[in-house]
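Below is one structure, written out as structure tokens, with a few remarks after it.
Protein chains: 2
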Amino acid sequence: MADKTLETLFHETLKDVYYAEKKLTTNLRKMARAAQSPDLKAAFEAHEEETQTQVERLTQVFELIGKRPRAKTCDAIEGIISEAQEIMEEFKGSPAHDAGLLAAAQAVEHYEIVRYGTLKAWATQLGLDEAVTLLDATLQEETAADEKLSALAESVVNAAAEKAA
Amino acid sequence: MADKTLETLFHETLKDVYYAEKKLTTNLRKMARAAQSPDLKAAFEAHEEETQTQVERLTQVFELIGKRPRAKTCDAIEGIISEAQEIMEEFKGSPAHDAGLLAAAQAVEHYEIVRYGTLKAWATQLGLDEAVTLLDATLQEETAADEKLSALAESVVNAAAEKAA
Chain A
26 MADKTLETLF HETLKDVYYA EKKLTTNLRK MARAAQSPDL KAAFEAHEEE
76 TQTQVERLTQ VFELIGKRPR AKTCDAIEGI ISEAQEIMEE FKGSPAHDAG
126 LLAAAQAVEH YEIVRYGTLK AWATQLGLDE AVTLLDATLQ EETAADEKLS
176 ALAESVVNAA AEKAA
Chain B
26 MADKTLETLF HETLKDVYYA EKKLTTNLRK MARAAQSPDL KAAFEAHEEE
76 TQTQVERLTQ VFELIGKRPR AKTCDAIEGI ISEAQEIMEE FKGSPAHDAG
126 LLAAAQAVEH YEIVRYGTLK AWATQLGLDE AVTLLDATLQ EETAADEKLS
176 ALAESVVNAA AEKAA
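Those sequence lines, one after another, are chains A and B.
Sequential numbering of the first sequence, starting at 26, is according to the working numbering.
Sequential numbering of the second sequence, starting at 26, is according to the working numbering.
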């Protein structure tokens, strides 16, 4: 297996993240519909639009390494999203619903942040300068999306505590 | 379902993270055995010891809320760990093995960082001061573990590129 180099790893991880982003587009729509707080709903809708651009950037990175865009099942995102679905089902209509949903969305963001950070580092090592620029653009957006959710968290959690009181 | 409050959500998430930490103890041992780089091996071994303390802190948090420590399958960590296992199998003996394994470990760390961040925020809201202290201690360790991996990443990735050359 000595032929499995950093290029192989980069390509495999790219397929994993491509799957994750595509899966997310659909799920962010569900999460936006489920959110009770109008602010949280708006945050999910805005991020769904961003995610479509991020998928497009990934297809450009595939082109840069001379590969056809292909997705490969990403077990991590499947697991994280199944936790989000569990929250939506088990906490539907309850005061803590949005707090749980927001936390699940932050778990998604952190998975993406760590993956794009890794892909960017590998692209740098491989001298793929255009890919570095594309991956960094998405990394910045994911970090900003996570910060937006953190800023929303306090009011969403306070609302949960007040509703339950 | 109006009885599902922030307390319920805190308790459910605690069970999820408890499962994740226990699962991780075993898997960090496997990852330490698989690592080719002595530094990466040492980092996994050190973090396995920390993880045992973190499990112990979680049992204390369960006590603080008057519950018995119980684990609940965490789909997210199952998914993230299955990606780590895939790397260990598919890249075994190849130059990029450690770079992939290190990246998988960082995905684990980020999942823990986001979950402990959330639990700490909820504990603060719920006025569980002792729990906040315990959760924060682990959060600091996880953040430090992630930084240690980031610092190692460059040399591991360089080694991968050199071996392949």
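Backbone N, C-alpha and C define an ideal beta-carbon position, used for all residues, glycine too.
Just so you know, these numbers come straight off a predicted model, no measurement behind them.
| Query | Result |
| --- | --- |
| Should L174 (chain A) and E134 (chain A) be called a contact, given that it needs their Cβ atoms to be closer than 8 Å? | yes |
| Closer than 8 Å by beta-carbon distance: list the chain B residues that pair up with Y43 (chain A), in chain order. | In chain order: nothing, as chain B lies at least about 14 Å away. |
| With a threshold of 8 Å between beta-carbons, can D64 (chain A) be considered close to chain B, or not? | no |
| Would you call D28 (chain A) buried or exposed, if buried means 16 or more other Cβ atoms sit within 10 Å of its Cβ? | exposed |
| Just verifying my parser: in three-state terms, what is the DSSP assignment at T38 (chain B)? | helix |
| Do you know offhand how far L177 (chain A)'s Cα is from L65 (chain A)'s? | 7 Å |
| So that I know if they touch, is there some Cβ in chain B lying closer than 8 Å to that of V182 (chain A)? | yes |
| Indicate whether at least one CB of chain B lies closer than 8 Å to the CB of G125 (chain A). | yes |
| Can you check whether the C-beta of E172 (chain B) is within less than 8 Å of a C-beta belonging to chain A? | no |
| For the 8 Å Cβ check, are there 3 or more pairs between the region 135-154 of chain A and the region 41-48 of chain A? | yes |
| Less than 8 Å between the C-beta atoms of Q185 (chain A) and A109 (chain A), yes or no? | The residue asked about is misnamed: residue 185 (chain A) is Ala in this sequence, not Gln. No. Outside cutoff. |
| How would you write the range of the alpha helix (DSSP H) that Q165 (chain A) sits in, first residue to last? | 154-189 |
| So with Cβ pairs under 8 Å, would you call L34 (chain A) a contact of chain B? | yes |
| Given a cut-off of 8 Å on the beta-carbon distance, is the pair P120 (chain A) and K188 (chain A) in contact? | yes |
| Going along the region 90-101 of chain B in order, which residues come within less than 9 Å of chain A, judged by CB to CB distance? | C99, D100, A101 |
| Under DSSP, the alpha helix (DSSP H) around K145 (chain A) begins and ends at which residues? | 122-150 |
| If we count Cβ pairs, one from each stretch, closer than 8 Å, do we get three or more for the region 156-171 of chain A versus the region 77-87 of chain A? | yes |
| Please report the straight-line C-alpha distance between A67 (chain B) and A60 (chain A), rounded to a whole angstrom. | 44 Å |
| Is the beta carbon of I112 (chain B) sitting closer than 8 Å to the one on A101 (chain A)? | no |
| Return the residue from the list B:E73, B:E37, B:T50 that minimises the CA-CA distance to P94 (chain B). | B:E37 |
| Does the distance from the CB of F69 (chain A) to the CB of L151 (chain A) come in under 8 Å? | no |
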